[in-house]
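Peer 1:
In the numbering used here, the protein residues as written are 2 to 706.
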């Protein structure tokens, strides 16, 4: 098993706040009362309405106007504000046509339609079916249905004698990232791939569909980038270094991440035409979707004509950076991240997060005016071109890498803050207690109970994220489960490349219009978050997380859950090896984990004693915090993971699905039956774990016995 959820540590109620000495707690509580009272839902809604006023794809004048709006709001809040531009390689589509030519002609790239009173849905700028970075093509081929186009799906086709080579693959969205599906089809010789939205995942099978409910109608489709940024994100022509004027650039044909086969998205309604005309065997168990017919694998008799005219250009993108300088430790930086580019309007993705960030910036400015500046610096990073290859955050992170490696405290990412009432988060193990304590102090807008209690009681059967990658996981009694970090959003460069402790959070819910023209203000105000109450709750949660990291006497990273999790990950690797894969000698790795566990328990005990006893000296706190900042970086390897060295974190890396893979270097070596590489990876992992144990021992020693 490569993905899992893990249990929050430190979820017991406490009168204190983890990381704060009793002498500083009263002032922190006074300031936090303002974080809870100042956010204004009406302001958040106004920002969301303006920012969803027109389609705003990266690299366009419309998106420049969005960036300028954010810049002006950051300035009004009193932040030191900059518009940082990077010239990057973007792939657009001028025209896209998919049509069935046999057995009966049918046009299949039909635009989405909205309700009569949803005026935004009719904008002609949003009519095109397209995937970014698709190459041009003009071809006519037979079709094979490949379920979700995962490796196991293609293997199932092979067992049934169904060949995808030189054919078009029809695949449904979800249970994996479209780029991973495209790469798998490319490696198997497919001529191209067609993605469609099946009502089983995001339509009427899940519940009432738009305009009567939040799920997608039969005619909606999902745009996106079908690119392989799970190998290396950022500008495809500057892999691993910032894309600045004058930077070295590789040729497009040298890029590892640009697709070689074309792709196009269509609706479930148009996919039904194709599925109705596929012969071959009926699909295996689990492959039947929600459209009203029995699905068959193909090929034939359906033949499709696909013509795409693509345009590849270097265009400027603009990150908007707002800085609220720390009063005591201005060099130490907490990065709050969101992006502003969208495939169309992006009311959920990303503007719910953008409107939330703008309101939090206003609150932060007001706190400073009232005498509560953060002790450490807050950096509000509103990134551009996230939807393409996590581009804006990656370029900025690579440019700032040396400083962030010294001074980066954490990354708090909120991509989509609100599409419903269910709080969800992914985080490094050391940040779970931080999240849980913040949730206990923020009321749920619907019930008035604290968010920890309502999150604990909720199920995620109607959430978007439960569909996207994996089935829902049952919550354990009295504890919240948090996901582990994969990829797919802007924390990636900060976590996987630079080694900053990171989290990604937001409110989730029934969300059937992902990357659709229908992800607009109309949908949000009626279904996603009427009244914008959960947007505003996210301002409060995000604010508490940021200021607790900024102001804590001892950085609030609880260590003990981390080695406990890694022990489970190692057991999972061993379980896989017992199925026949070779396993290296793990004696040194197990010994390193024991060393880490002991050091973690000692550190957590000394932190508790320091917070509840005599206040440590400033020099002792400084030494402890330097070590705590460094400890996540200890889990990086300079050479990176084999075959994708940009990803340097040895505990977590993304799969092509964007889901998290644990102990990626060791696990992949074992699965590949490469004994020599497995030995090397085990030794490297043991060394990094020992380095982390040594670092946290320094933190513990600084705090005394």
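We put the CB at the ideal spot given by N, CA and C, even for glycine.
How would you write the range of the beta strand (DSSP E) that residue 508 sits in, first residue to last?
Peer 2: In the chain shown, residue 508 corresponds to position 507, counting from 1. Segment 503 to 509, the beta strand (DSSP E) holding residue 508.
Peer 1: Tell me, please, which residues DSSP counts as bridged to residue 338.
Peer 2: In the chain shown, the residue the question calls residue 338 occupies position 337. 382, 414.
Peer 1: So, at 7 Å on beta carbons, what are the nonlocal neighbours of residue 22 in its own chain, with the 5 sequence-adjacent residues on each side left out?
Peer 2: The residue labelled residue 22 in the question sits at position 21 within the chain shown. Excluding residues within five positions, the ones whose Cβ falls inside 7 Å are 554, 612, 616.
Peer 1: If distances are taken between C-alpha atoms only, which option among 625, 514, 549 comes closest to residue 207?
Peer 2: Here residue 207 corresponds to residue number 206 of the chain shown, with the count starting at 1. The option with the nearest alpha carbon to residue 207 is 514.
Peer 1: Can you tell me which of 535, 669, 243 puts its alpha carbon nearest to the alpha carbon of residue 445?
Peer 2: Here the question's residue 445 lines up with position 444 in the chain shown. Of 535, 669, 243, the residue nearest in Cα terms is 535.
Peer 1: Is the distance from the Cβ of residue 64 to the Cβ of residue 342 below 8 Å?
Peer 2: As a first step, residue 64 is located in the chain shown; it is residue number 63 there, counting from the start. As a first step, residue 342 is located in the chain shown; it is residue number 341 there, counting from the start. Cβ atoms of residue 64 and residue 342: closer than 8 Å.
Peer 1: Where does residue 332 sit, in a helix, a strand or coil, going by DSSP?
Peer 2: Here residue 332 is taken as the residue at index 331 of the chain shown, counted from 1. Residue 332: strand per DSSP, three-state reduction.
Peer 1: From which residue to which residue does the alpha helix (DSSP H) around residue 184 run?
Peer 2: Within the chain shown, numbered from 1, the residue matching residue 184 stands at position 183. First-last of the alpha helix (DSSP H) with residue 184: 179 to 188.
Peer 1: Excluding the 5 residues flanking residue 684 on each side, which residues of the same chain have their C-beta closer than 6 Å to its C-beta?
Peer 2: On the chain shown, position 683 is the one that residue 684 refers to. Answer for residue 684: no residue qualifies.
Peer 1: So, is residue 594 buried or exposed, given that buried needs 16 or more other C-beta atoms within 10 angstroms?
Peer 2: Against the chain shown, residue 594 aligns to sequence position 593. That one is buried.
Peer 1: My guess is that residue 142 and residue 304 are in contact by the Cβ rule of under 8 Å, so how many angstroms apart are they, rounded?
Peer 2: Position 141 of the chain shown, counted from the start, is the residue given in the question as residue 142. Position 303 of the chain shown, counted from the start, is the residue given in the question as residue 304. Their Cβ separation, rounded to whole angstroms, is 7 Å, which keeps residue 142 and residue 304 in contact under 8 Å.
Peer 1: Kindly list the residues whose CB is nearer than 7 Å to the CB of residue 564, restricted to its own chain and excluding five residues on each side of it in sequence; keep chain order.
Peer 2: Sequence index remark: in the chain shown, residue 564 carries index 563 (1-based). The residues are 594, 597, 598, 601.
Peer 1: Report buried or exposed for residue 286, applying the criterion of at least 16 other Cβ atoms within 10 angstroms of its Cβ.
Peer 2: Translated into the one-based positions of the chain shown, residue 286 becomes position 285. Exposed, by the Cβ-count rule.
Peer 1: When the Cα atoms are used, what is the spatial distance from residue 66 to residue 48?
Peer 2: On the chain shown, position 65 is the one that residue 66 refers to. On the chain shown, position 47 is the one that residue 48 refers to. When rounded, the distance between both Cα atoms is 13 Å.
Peer 1: Since residue 217 contacts residue 658 with CB under 8 Å, what's their CB separation in whole angstroms?
Peer 2: Taking the first residue of the chain shown as position 1, residue 217 is located at position 216. Taking the first residue of the chain shown as position 1, residue 658 is located at position 657. About 21 Å separates the two Cβ atoms, so there is no contact after all.
Peer 1: Could you tell me the distance, in whole angstroms, from the CA atom of residue 647 to the CA atom of residue 499?
Peer 2: In the chain shown, residue 647 corresponds to position 646, counting from 1. In the chain shown, residue 499 corresponds to position 498, counting from 1. Answer to the nearest angstrom: the Cα atoms are 10 Å apart.
Peer 1: Where does residue 320 fall in DSSP's three states?
Peer 2: Within the chain shown, residue 320 is the residue found at index 319, counting from 1. The answer is strand: DSSP assigns residue 320 an E or B state.
Peer 1: Do residue 638 and residue 689 count as a contact pair if the criterion is CB distance below 8 Å?
Peer 2: Within the chain shown, numbered from 1, the residue matching residue 689 stands at position 688. Within the chain shown, numbered from 1, the residue matching residue 638 stands at position 637. It is a contact, given that the beta carbons lie within the stated cut-off.
Peer 1: Unbroken alpha helix (DSSP H) runs of length 4 or more, entirely within the region 544 to 601: which are they?
Peer 2: Counting whole runs of 4 or more residues, the region 544 to 601 contains the alpha helix (DSSP H) stretches 562 to 578.
Peer 1: On the CB-based measure, 16 or more other CB atoms within 10 Å of its CB, does residue 150 come out buried or exposed?
Peer 2: Here residue 150 refers to the residue found at position 149 of the chain shown. Classification for residue 150: buried.
Peer 1: Among residues of its own chain, excluding the 5 on either side of residue 682, which ones have a beta-carbon nearer than 6 Å to its beta-carbon?
Peer 2: Translated into the one-based positions of the chain shown, residue 682 becomes position 681. Contacts found: 666, 667, 670.
Peer 1: Go through the region 249 to 333 residue by residue and report every complete run of the alpha helix (DSSP H) that reaches 4 residues or more, in order.
Peer 2: Taking only runs of at least 4 residues, the alpha helix (DSSP H) segments lying wholly in the region 249 to 333 are 269 to 277.
Peer 1: Which ranges would you report for the beta strand (DSSP E) in the region 35 to 118 if only whole runs of at least 3 residues count?
Peer 2: List check, beta strand (DSSP E) in window: 81 to 103.
Peer 1: For a test of the three-state rule: what should DSSP assign to residue 200, helix, strand or coil?
Peer 2: Position 199 of the chain shown holds residue 200. Helix, per DSSP.
Peer 1: Between residue 694 and residue 433, what straight-line distance do the alpha-carbon atoms span, to the nearest angstrom?
Peer 2: What you label residue 694 is simply residue 693 of the chain shown in a count that begins at 1. What you label residue 433 is simply residue 432 of the chain shown in a count that begins at 1. Approximately 20 Å between the Cα atoms of the pair.
Peer 1: Just the C-alpha distance for residue 308 and residue 185, rounded to the nearest angstrom, thanks.
Peer 2: One-based indexing of the chain shown puts residue 308 at position 307. One-based indexing of the chain shown puts residue 185 at position 184. Cα to Cα, the separation comes out at about 21 Å.
Peer 1: How many Å lie between residue 248 and residue 51 at the Cα?
Peer 2: What you label residue 248 is simply residue 247 of the chain shown in a count that begins at 1. What you label residue 51 is simply residue 50 of the chain shown in a count that begins at 1. Roughly 35 Å between the two C-alpha positions.
Peer 1: Would you give the residue range spanned by the alpha helix (DSSP H) that residue 622 belongs to?
Peer 2: As a first step, residue 622 is located in the chain shown; it is residue number 621 there, counting from the start. That run of the alpha helix (DSSP H) goes 619 to 632.
Peer 1: On the three-pair Cβ rule with 8 Å, is the region 133 to 142 touching the region 185 to 199?
Peer 2: Touching, yes.
Peer 1: Would residue 201 and residue 291 be called neighbours here (beta carbons separated by less than 8 Å)?
Peer 2: In the chain shown, residue 201 corresponds to position 200, counting from 1. In the chain shown, residue 291 corresponds to position 290, counting from 1. Yes. Within cutoff.
Peer 1: If we count the other Cβ atoms within 10 Å of its Cβ and call it buried at 16 or more, is residue 468 buried or exposed?
Peer 2: Counted from its first residue, the chain shown places residue 468 at position 467. Unreliable placement is indicated for residue 468, whose pLDDT of 48 sits below 50; no coordinate value is reported for it.
Peer 1: So for residue 437, helix, strand or coil by DSSP?
Peer 2: Here residue 437 corresponds to residue number 436 of the chain shown, with the count starting at 1. DSSP places residue 437 in helix when its eight states are reduced to three.
Peer 1: Measuring only from the beta carbon, is residue 251 closer than 7 Å to any heavy atom that is part of the ligand SAH?
Peer 2: This structure does not include the ligand SAH; it has no bound ligands of any sort.
Peer 1: For the beta strand (DSSP E) that residue 142 lies in, which residues bound it at each end?
Peer 2: Along the chain shown, read from residue 1 onward, the residue named residue 142 stands at position 141. Residue 142 -> beta strand (DSSP E) spans 138 to 146.
Peer 1: Given this structure, state the Cα-to-Cα distance separating residue 620 from residue 606, to the nearest angstrom.
Peer 2: For the purposes of this step, residue 620 is taken as the residue at position 619 of the chain shown. For the purposes of this step, residue 606 is taken as the residue at position 605 of the chain shown. Residue 620 and residue 606: Cα-Cα distance of roughly 20 Å.
Peer 1: I'd like the span of the alpha helix (DSSP H) that includes residue 662, first residue to last.
Peer 2: By one-based count along the chain shown, residue 662 stands at place 661. Taken as a continuous stretch (DSSP letters only), residue 662 belongs to no alpha helix (DSSP H), being part of the beta strand (DSSP E) at 661 to 663.
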